[in-house]
Amino acid sequence: MVKKTLGILELENEPITRPGFLAGPGTFQFPIKRIKVMGATTKRVTDGDRSVASNYVECARKLESEGVTAIMANCGFAHLYQTEVAGAVSIPVALSSLLLVPSIAKTLPRGRKVGIVTYDANKLREDHFVAAGWSSAKLDVPVVGIEGSKSWHRLSQTIPDAEPAELVEDVSTAVRRLLKSDPDVAALVFECTGFPIAAEAVRRDTGLPVVDCTVLGKMLVEISPLRKND
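Here it is, written out as structure tokens:
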């Protein structure tokens, strides 16, 4: 039976393929097709280097030619290239869970907020929000990151790795810091595609909804039709 396939645009850095991570076994119950975007290092993408946008476009076109149903990325900061990539192919593209922030905000009571948990709060800028179709002028969305933590250092390496328990703790610590500084946060969006491994622990500990890249990927595939040439 023909199945829908999710295409993933990956950083040049080697992806983590352990269970619980985006490229790990069992994360999705449908096929995935991964492609490495040359030049798209963690540093260049998180720094907002526009010169790699054309590489993302080229790889997205290749994934489309290979029959994928929809496309996402394995770094939320790649959302800076959303317009270029989505405009270059004819299948659904969502490069970051940041796209879901306005929708999640609408599910909350008046006065309650969505909080973003990111790889590096110092590098998540207004233009990332604008690329996702919203702005901090219209949505008060507090941001917290894991910058400076052991996991942050591990994830930045050319061949990144992360101890699952350590990453869960670093993300949980950041979430606790966010909720202490802004008690009105009533839902969380994880920008970093390395964070899904911590999602269930954070839901359990906080009692809050948590949206991550796996939610985005499942939604993309669910809404996408089978390709006409399948």
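Mapping the sequence shown onto the working numbering, position 191 (from 1) lands on 210, and the numbers just tick up by one. Yeah, the Cβ is synthetic: ideal placement off N, Cα and C, and Gly gets one too.
Which of the three DSSP states is assigned to residue i in this structure?
| i | result |
| --- | --- |
| Glu241 | helix |
| Val204 | strand |
| Leu163 | Correcting the residue identity first, residue 163 is Val in this sequence and not Leu. If DSSP states are grouped into helix, strand and coil, Val163 belongs with the strands. |
| Gly226 | coil |
| Ala150 | helix |
| Phe40 | coil |
| Ile216 | helix |
| Phe96 | helix |
| Ser191 | helix |
| Arg131 | coil |
| Arg246 | coil |
| Leu117 | helix |
| Ala181 | coil |
| Lys199 | helix |
| Leu235 | helix |
| Leu158 | coil |
| Leu186 | helix |
Quick one: residues in its chain with C-beta nearer than 8 Å to the C-beta of residue i, no 5 flanking neighbours on either side, listed in chain order?
| i | result |
| --- | --- |
| Gly152 | Leu118, Pro121 |
| Asn141 | Gly164, Glu166 |
| Glu210 | Gly95, Phe96, Ser115, Ser116, Leu117, Ile135, Val136, Thr137, Tyr138, Leu143 |
| Gly226 | none |
| Gly43 | Ile35, Thr36, Arg37 |
| Pro183 | Arg37, Gly39, Ile216 |
| Thr65 | Cys94, Phe96, Tyr138, Asp139, Lys142 |
| Val204 | Arg131, Lys132, Val133, Gly134, Pro161, Leu197, Leu198, Leu227 |
| Pro128 | Ala205 |
| Glu83 | Gly26, Ile90, Val108, Ser109, Ile110 |
List the endpoints of the continuous alpha helix (DSSP H) containing residue i.
| i | result |
| --- | --- |
| Lys52 | Lys52 -> not in any alpha helix (DSSP H); beta strand (DSSP E) instead, spanning 51-55. |
| Ser170 | 169-174 |
| Gly106 | 101-107 |
| Lys125 | 120-125 |
Tell me, which residues are paired with residue i by DSSP?
| i | result |
| --- | --- |
| Phe209 | Val136 |
| Glu29 | Lys55 |
| Val112 | Ile90 |
Identify, in the order they occur along the chain, each residue of the same chain with its Cβ nearer than 7 Å to the Cβ of residue i, setting aside the five sequence neighbours on each side.
| i | result |
| --- | --- |
| Ala150 | His98, Leu99, Gln101, Thr102 |
| Arg80 | Ala107, Val108 |
| Val240 | Lys23, Leu25, Phe49, Thr88, Ala89 |
| Thr212 | Leu41, Asn93, Cys94, Gly95, Cys232 |
| Ala72 | Tyr100, Glu103 |
| Asp170 | The sequence given here has Ser at residue 170, not Asp. Around Ser170: Ala181, Glu185, Leu186, Asp189. |
Using C-beta distances below 6 Å, list every residue in its chain close to residue i, excluding the 5 sequence neighbours before and after it, in chain order.
| i | result |
| --- | --- |
| Val87 | Thr24, Gly26, Lys52 |
| Arg222 | Val229 |
| Ser175 | Thr61 |
| His172 | none |
| Ser168 | Asp189 |
| Arg246 | Gly86 |
So the beta strand (DSSP E) residue i belongs to, where does it begin and stop?
| i | result |
| --- | --- |
| Ala89 | 89-92 |
Using a beta-carbon distance below 8 Å, is residue i in contact with chain D?
| i | result |
| --- | --- |
| Tyr75 | Within the model displayed, chain D is absent; a lone protein chain is all it includes. |
Review point. Where are the alpha helix (DSSP H) runs, 4 residues long or more, that stay fully inside the stretch 59-84, in chain order?
Key: 61-65, 72-84
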